[in-house]
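> Before I ask anything, let me first share the structure, which is written out below as structure tokens.
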Amino acid sequence: MANFIRNNIPNTVTCLNLFSGCVACVMGFQGRYEAAFCFIVLSAIFDFFDGMLARALNAHSIIGKDLDSLADDISFGIVPSVITFSLFKEMNYPDSVAPAASFLPYTAFLISVFSALRLAKFNNDTRQTSSFIGLPVPANALFWGALAVGAHDWLISDKCHPLYLLILVCLFSWLLVSEIPMFSLKFKNLSWRDNKVSFIFLIVCVPLLLFFKISGFAIIIIWYILLSLLTRRSK
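Here is the structure:
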């Protein structure tokens, strides 16, 4: 009995990730972007701890791995799609693209498709044990959630053309499955030399969050992508 409980603790936390993602979907459809973002963050926390608990308890399983990917595609794939879908619905469509107003919002679900491809690639790519190839799905979800909260008024104003948002959807969908190496925040030790990139990243994140609040998360994801590109070129 004790072994059964121990082995299912990580899966229980994964299910909490999935549950939070489902609630975030509802919040996204209702246009309650701050609440949706909070549940994305909650899902990311559960996603972090289920892997950590699986390693600490030596409770790895094939079911747990598959369940984790399924939960992640809901919480970090479908949720940002739903948020973006709702943003498309709120936007002002100029006469030049008015006929596209009925179907353009559905392009938001490209994020879900490419998130699923990203997760399948991650599960079968042996190169991604200590770093990432392409943008991680939680980072992508945090970007869209924070963008919807921080830039909402501008996104639905006449200043923002719907095609701008479509370009952003296509760009981040590509980043998910790109071959761009991106660093991980997994620390094997606390030495500056071994974790210089991660420390630089975190140091810059602090003022961004203090100054920009929730919007800072979107800027942080852009900072993460840029730093990954810069460190890639320096290697």
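The opening residue of the sequence shown carries number 969 in the numbering used here; numbering runs sequentially from there.
From the three backbone atoms N, C-alpha and C, an ideal C-beta is built for every residue, glycine too.
1. Out of Pro1175, Tyr1192, Arg1095, which one is the CA nearest neighbour of Leu1143?
2. Evaluate Thr982 with the Cβ neighbour count: other Cβ atoms within 10 Å of its Cβ, from every protein chain shown; 16 or more gives buried, anything less gives exposed.
3. Inspect the beta-carbon positions of Ala1186 and Gly1118 and report whether they are closer than 8 Å.
4. Measure how close the beta-carbons of Ile1124 and Glu1058 come, nearest whole angstrom, since I'm counting them as under 8 Å.
5. In three-state terms, what does DSSP make of Phe1155?
6. In chain order, what residues of the same chain lie with their CB nearer than 7 Å to the CB of Ile1051, ignoring the 5 residues before and after it?
7. Could you tell me which of Ala1069, Pro1062, Ile1101 sits nearest to Asp1126, measuring between CA atoms?
8. Does the beta-carbon of Pro1048 have 16 or more other beta-carbons within 10 angstroms, so that it is buried, or is it exposed?
9. Is it true that the CB of Ser1064 sits closer than 8 Å to the CB of Gly989?
10. Starting from Ile1042, follow the alpha helix (DSSP H) in both directions and report where the run begins and ends.
11. Please determine, among Asn979, Val1009, Thr980, the residue with the shortest C-alpha to C-alpha distance to Ala992.
According to the structure data:
1. Tyr1192
2. That one is buried.
3. In this structure, Gly1118 lies closer than 8 Å to Ala1186 by Cβ.
4. About 5 Å separates the two Cβ atoms, so the contact holds.
5. coil
6. Gly996, Tyr1001, Ala1004, Trp1112, Gly1113, Ala1116
7. Pro1062
8. buried
9. no
10. It is not in any alpha helix (DSSP H) - Ile1042 carries neither H nor E in the DSSP assignment.
11. Val1009
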